[in-house]
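Student: Under my numbering, the first residue of the sequence shown is numbered 2, with each subsequent residue one higher.
Beta carbons are placed, not taken as given, at the ideal position from N, Cα and C, and that holds for glycine.
Here it is, the structure, as structure tokens.
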Amino acid sequence: MSISSRIPRLKRLVRWGGAIAAGTVLLSACGSSSSSSSSSSSSATKPTITLVTNSWEGSLANNVVAQYVIEKDLHYPVKLLDLAEIPAWPATASGSVSAVLEVWGHYNHYQTYVVGNHEVINAGLEGPTGNIGWYIPTYLLKQHPELATWQGVKADWKLFVTPQTAPQGEFLDGAPSYVTNDAALINTLGLNMKVVYAGSEAAQLSQIETAYKAKKPIIFYWYTPQYFNHVYSFSQVALPPFTQACAKLPAAKIDCAYPPYYLYKIMNSKLPTTAPSVAKFIQAFNWTAADQNSVSYDMAVNKMSGSAAAAKFVNSHQSLVQSWLTGAPTPKKAPVLGT
């Protein structure tokens, strides 16, 4: 089945670098299909829980499962709100957003809202460790083993020349609004390549899929966890190791790999008072990348609705769900400088 034929979610807008308010705006407010308990009288007097859905499939997977459990077991109405990463922080601080279940880095915002004014609570680790980097199809690596490292890409840049970038090689990114280090890395590492922005995640996925099916050379910015990695086989290109010294460099001088991202959750500081059982659930919510990918895959590839995918997961993971409802908070970890 063609993945590009699905209705895709936009790629995450902010990754690493400084906290940049890139003019990202509210995309839309939406509530995915919920369990029948959402209409029960027990939720009539309870506040609506608003969960931010960021612009990638894993965030939606987190939220449809959380929505299903919160409505079915805790009897609070839940709304899913599509919002970019940067605006989600002040929205959570103000209370217009209850929680974000997957946060990638954002050291500066963490310092402002969690450490500084205490309007946002670190709700603990989500489970998966996020990884961002340069990727190529595995079939290309088998043909050119030297592409396992950036030095090999530097030597074989001609493999990636396209009509759009000739006489340079092409490096595929998502959209100009995404914050990436790729243009800086290409410059500081001396690669004869040019960053090309697909314009959206839909366009990027389409280009990757087209190249993959034709077994053509392509190199692109990508990440895990991501369900698409279970549809096609990709291999990561080794960049110079991440260091804190590199993290302190100006954005244009970055010359190392992206850091690891210990994905964590945040919530409004008043949520433990206004919806204590929901706050407890969010603090206990923890699953694996495989868990998240399975729900994402069911929605994106198997074309299941959010509520159906959530019900399937919950029904087959009852002990895990019970740990979210009754378990201890997950460990906390603050983002480090450079994320």
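When you compare only the Cα positions, how much space is there between P61 and W325?
Tutor: Taking the first residue of the sequence shown as 1, we reach residue 61 at position 60. Taking the first residue of the sequence shown as 1, we reach residue 325 at position 324. The sequence given here has Leu at residue 61, not Pro. Cα-Cα distance, rounded: 18 Å.
Student: Any idea what DSSP makes of Q227, helix, strand or coil?
Tutor: One-based indexing of the sequence shown puts residue 227 at position 226. Three-state result, Q227: coil.
Student: Using the beta-carbon count (16 or more within 10 Å), is A295 buried or exposed?
Tutor: For the purposes of this step, residue 295 is taken as the residue at position 294 of the sequence shown. Contrary to the premise, residue 295 reads as Ser rather than Ala in this sequence. Looking at its Cβ environment, which holds 16 or more other Cβ atoms inside 10 Å, S295 is buried.
Student: Grouping DSSP H, G and I as helix and E and B as strand, with all else coil, what is K143?
Tutor: Your numbering for residue 143 matches position 142 in the sequence shown. Three-state DSSP puts K143 in a helix.
Student: Leaving aside the five residues before and after A248 along the sequence, list all residues of the same chain whose C-beta is less than 6 Å from its C-beta, in chain order.
Tutor: In the sequence shown, counting from the first residue as 1, residue 248 sits at position 247. Answer for A248: L338 and G339, listed in chain order.
Student: A215 by DSSP, collapsed to three states: which one?
Tutor: Reading the sequence shown from its first residue, position 214 is the one you call residue 215. If DSSP states are grouped into helix, strand and coil, A215 belongs with coil.
Student: Note the first and the last residue of the continuous alpha helix (DSSP H) segment covering G153.
Tutor: Residue 153 sits at position 152 when you count from the first residue of the sequence shown. Here the alpha helix (DSSP H) through G153 covers W151 to A156.
Student: Give me, in chain order, the residues of the same chain whose beta-carbon lies closer than 8 Å to that of H231; leave out the 5 immediate sequence neighbours on both sides.
Tutor: Indexing the sequence shown from 1 puts residue 231 at position 230. Within the same chain, H231 has close Cβ partners N294 and Y298.
Student: In whole angstroms, give me the CA-to-CA distance for Q237 and Q144.
Tutor: Here the question's residue 237 lines up with position 236 in the sequence shown. Here the question's residue 144 lines up with position 143 in the sequence shown. Answer to the nearest angstrom: the Cα atoms are 15 Å apart.
Student: Can you tell me whether N123 is buried or exposed, with buried defined as 16 or more other CB within 10 angstroms of its CB?
Tutor: Counted from its first residue, the sequence shown places residue 123 at position 122. Looking at its Cβ environment, which holds 16 or more other Cβ atoms inside 10 Å, N123 is buried.
Student: Roughly how many whole angstroms lie between the Cα atoms of E58 and P146?
Tutor: The residue given as residue 58 occupies position 57 in the sequence shown. The residue given as residue 146 occupies position 145 in the sequence shown. Distance between the alpha carbons of E58 and P146 is about 31 Å.
Student: Identify which residue in H318, P261, S320 and A239 has its Cα closest to the Cα of L186.
Tutor: Position 185 of the sequence shown holds residue 186. Closest option to L186, Cα to Cα, is A239.
Student: Under the DSSP definition of a beta bridge, which residues are partnered with E171?
Tutor: Your numbering for residue 171 matches position 170 in the sequence shown. Per DSSP, K195.
Student: Would Y262 pass as a contact of T54 if the rule is Cβ separation under 8 Å?
Tutor: Working through the sequence shown from its first residue, we reach residue 262 at position 261. Working through the sequence shown from its first residue, we reach residue 54 at position 53. No; because the gap between Cβ atoms is not below 8 Å, this pair is not in contact.
Student: Rounded to whole angstroms, what is the Cα-Cα separation between A329 and A276?
Tutor: Counting from one through the sequence shown, the residue named residue 329 turns up at place 328. Counting from one through the sequence shown, the residue named residue 276 turns up at place 275. Going from the Cα of A329 to the Cα of A276 covers about 17 Å.
Student: Please look up how many angstroms separate the CB atoms of P260 and F243, rounded, as I've assumed it's under 8 Å.
Tutor: The residue labelled residue 260 in the question sits at position 259 within the sequence shown. The residue labelled residue 243 in the question sits at position 242 within the sequence shown. Right, the Cβ-Cβ distance comes to about 5 Å (below 8 Å), so this counts as a contact.
Student: Leaving out the 5 sequence neighbours to the left and right, which residues in its chain are closer than 8 Å to M305 when beta-carbon positions are compared?
Tutor: As a first step, residue 305 is located in the sequence shown; it is residue number 304 there, counting from the start. D299 and K313, listed in sequence order.
Student: Have a look at V322 and P88 and give me their C-alpha separation to the nearest angstrom.
Tutor: Here residue 322 refers to the residue found at position 321 when the sequence shown is read from its first residue. Here residue 88 refers to the residue found at position 87 when the sequence shown is read from its first residue. Answer to the nearest angstrom: the Cα atoms are 30 Å apart.
Student: Taking all protein chains shown into account, do 16 or more other C-beta atoms lie within 10 angstroms of the C-beta of K214, making it buried, or fewer, making it exposed?
Tutor: Counted from its first residue, the sequence shown places residue 214 at position 213. It is exposed - the Cβ of K214 has fewer than 16 other Cβ atoms within 10 Å.
Student: For the putative contact between W90 and H110, defined by C-beta atoms under 8 Å, what is the C-beta separation to the nearest angstrom?
Tutor: Stepping through the sequence shown from its first residue, residue 90 is reached at position 89. Stepping through the sequence shown from its first residue, residue 110 is reached at position 109. Indeed they touch by this definition, with Cβ atoms about 5 Å apart.
Student: Should V238 be counted as a contact of the ligand GTP given a C-beta to heavy atom distance under 7 Å?
Tutor: No copy of the ligand GTP appears in this structure; indeed no ligand is present at all.
Student: Find the nearest neighbour of T150 within the set P241, L82 and V66, judged by alpha-carbon distance.
Tutor: For the purposes of this step, residue 150 is taken as residue 149 along the sequence shown, with counting starting at 1. Considering only alpha carbons, the answer is P241.
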